[in-house]
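With the working numbering, letter number 66 in the sequence shown gets 69, and the count goes up by one each step, no holes.
In this text, a Cβ means the ideal position worked out from N, Cα and C, and glycines have one as well.
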Amino acid sequence: MKCKICTQHNTAIFTSKILYKYEIEYFYCNHCGFLQTEEPYWLNEAYSDSINNSDVGYMERNKTISQNLITILSLFFNKKSKFLDYAGGYGVLTRMMRDIGFDFYWDDKYTTNLFSKGFEYNKTLTIEAVTTFESFEHFVEPIEELEKLLSISKNIIFSTELLPVIIPKPEEWSYYGLDHGQHISFYSQKTLDFLANKYNLNYIYLDGLHIFTVKQISRPKLLLVKLKKYGLKKIYKKLLKSKISQDYTSIVSRK
């Protein structure tokens with residue numbers, strides 16, 4: 004089987020039962036460190052609910068990410084620009100970021116927008132940076148998805164749990180997602196370095212988030228992010244104006 008990241012030949016390293024009934028193979032690429040399942044024929048069943056039932060940390064994760072983004076977006080990017088949350092689920096993070104004061108938009112072809120209606124992405128928008136959280140591991144064709152993201156913005160902020168250097172057995176790593184069957188692509192540090200090099204991007208890991216960017220991020224700015232415990236995030240938050248009132252007026256005026 005060919006690796007979906009670098010197209011080199013990969014090797015079957017173990018099998019496991021997914022969705023409690025399908026015995027499937029996992030293939031590892033020594034060249035780029037990417038782990039993938041066999042072709043995922045079970046996905047229609049796995050996505051009977053787009054947000055899997057075992058994702059009990061969904062709301063808390065969005066809350067944490069929204070707070071971490073305040074400093075990152077304020078320091079590294081034009082905070083007055085537009086941002087897109089890709090594969091944004093129910094629109095929770097988009098709403099949270101607009102509440103804070105960032106001009107965020109939503110896009111997700113599989114999930115209904117419940118919390119950020121009226122702020123759907125369209126191609127006429129110029130996007131400063133794309134955020135996409137807990138989505139890379141769902142990509143059937145990761146290169147196609149990444150290139151789609153890069154066509155929207157050359158700055159991508161994302162989360163995915165990295166494959167450990169010593170590859171865990173199926174029963175040793177819950178991130179395989181065997182119960183819900185939606186996780187099919189697993190990236191190591193080596194994989195992300197490979198992708199950054201392939202697309203001439205800088206790669207940064209910060210506050211639990213991965214960043215691909217064309218920007219040169221200075222070391223002093225990176226150090227500043229670490230000062231968030233000294234109140235830097237609170238300072239940036241005070242400089243932002245919530246869009247709650249503005250959004251209410253905008254939505255009501257459309258009726």
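query, result
"Integer Cβ distance of ALA49 from GLN249, believed to fall under 8 Å", "ALA49 to GLN249, Cβ: 39 Å. No contact."
"Reduced DSSP category for LEU227 - H, G, I as helix; E, B as strand; rest coil", "helix"
"Residues of its chain near GLU140, where Cβ-Cβ distance is below 6 Å and the 5 sequence neighbours each way are ignored", "THR163, HIS186, SER188"
"Three-state secondary structure (DSSP) of SER19", "strand"
"Proximity of PHE136 and PHE105 at Cβ, strictly below 8 Å", "no"
"C-beta contact flag for LEU153 and TYR202 at 8 Å", "yes"
"Spatial neighbours of ASN116 in its chain, beta-carbon cut-off 6 Å, leaving aside the 5 residues before and after", "GLY94, TRP109"
"Whole-angstrom distance between SER119 and CYS35, CA atom to CA atom", "37 Å"
"Residue of GLY60, ARG64, THR127, LYS193 minimising C-alpha distance to ASN33", "LYS193"
"Coil, strand or helix - GLN39 by DSSP", "strand"
"Any 3 or more C-beta pairs closer than 8 Å across the stretch 163-175 and the stretch 143-151", "no"
"For SER162, the first and last residue of its enclosing beta strand (DSSP E)", "159-162"
"Assumed close pair ASP102, LYS246 - CB separation to whole angstroms, cut-off 8 Å", "7 Å"
"Residue burial classification, ALA132 (beta-carbon count within 10 angstroms, cutoff 16)", "buried"
"Same chain only: Cβ atoms within 7 Å of LYS83, ignoring 5 sequence neighbours per side", "none"
"Runs of beta strand (DSSP E) wholly within the stretch 139-210 (minimum 3 residues, chain order)", "159-162, 205-209"
"Residues that THR135 bridges to, as DSSP identifies them", "PHE161"
"First through last residue of the beta strand (DSSP E) which encompasses ILE2", "The shown model of the chain, from 4 to 258, leaves out residue 2, and the question about it has no answer."
"Burial state of ARG98, where buried means 16 or more other Cβ atoms lie within 10 Å", "buried"
"Cβ-based neighbour list, LYS85, same chain, cut-off 7 Å, excluding 5 preceding and 5 following", "ASP106, TYR108, LEU128, THR129, ILE130, GLU131"
"Proximity below 8 Å, CB of ILE73 to CB of LYS241", "no"
"Delimiting residues of the beta strand (DSSP E) encompassing ILE220", "Element bounds for ILE220: n/a, residue is neither H nor E."
"Selection from ILE27, LEU38, SER221 that minimises the alpha carbon distance to HIS12", "LEU38"
"Within 8 Å, strictly: CB atoms of GLU41 and ILE21", "no"
"Pairwise C-alpha distance: GLY121 and ILE159", "23 Å"
"Three-state secondary structure assigned by DSSP to PRO44", "Reading the sequence as shown, one finds Tyr at residue 44 and not Pro. It is coil, neither helix nor strand."
"Inter-residue spacing [alpha-carbon to alpha-carbon] between GLU71 and LEU225", "For the sequence presented, residue 71 should be read as Asn rather than Glu. In a straight line, the C-alpha of ASN71 is about 13 Å away from that of LEU225."
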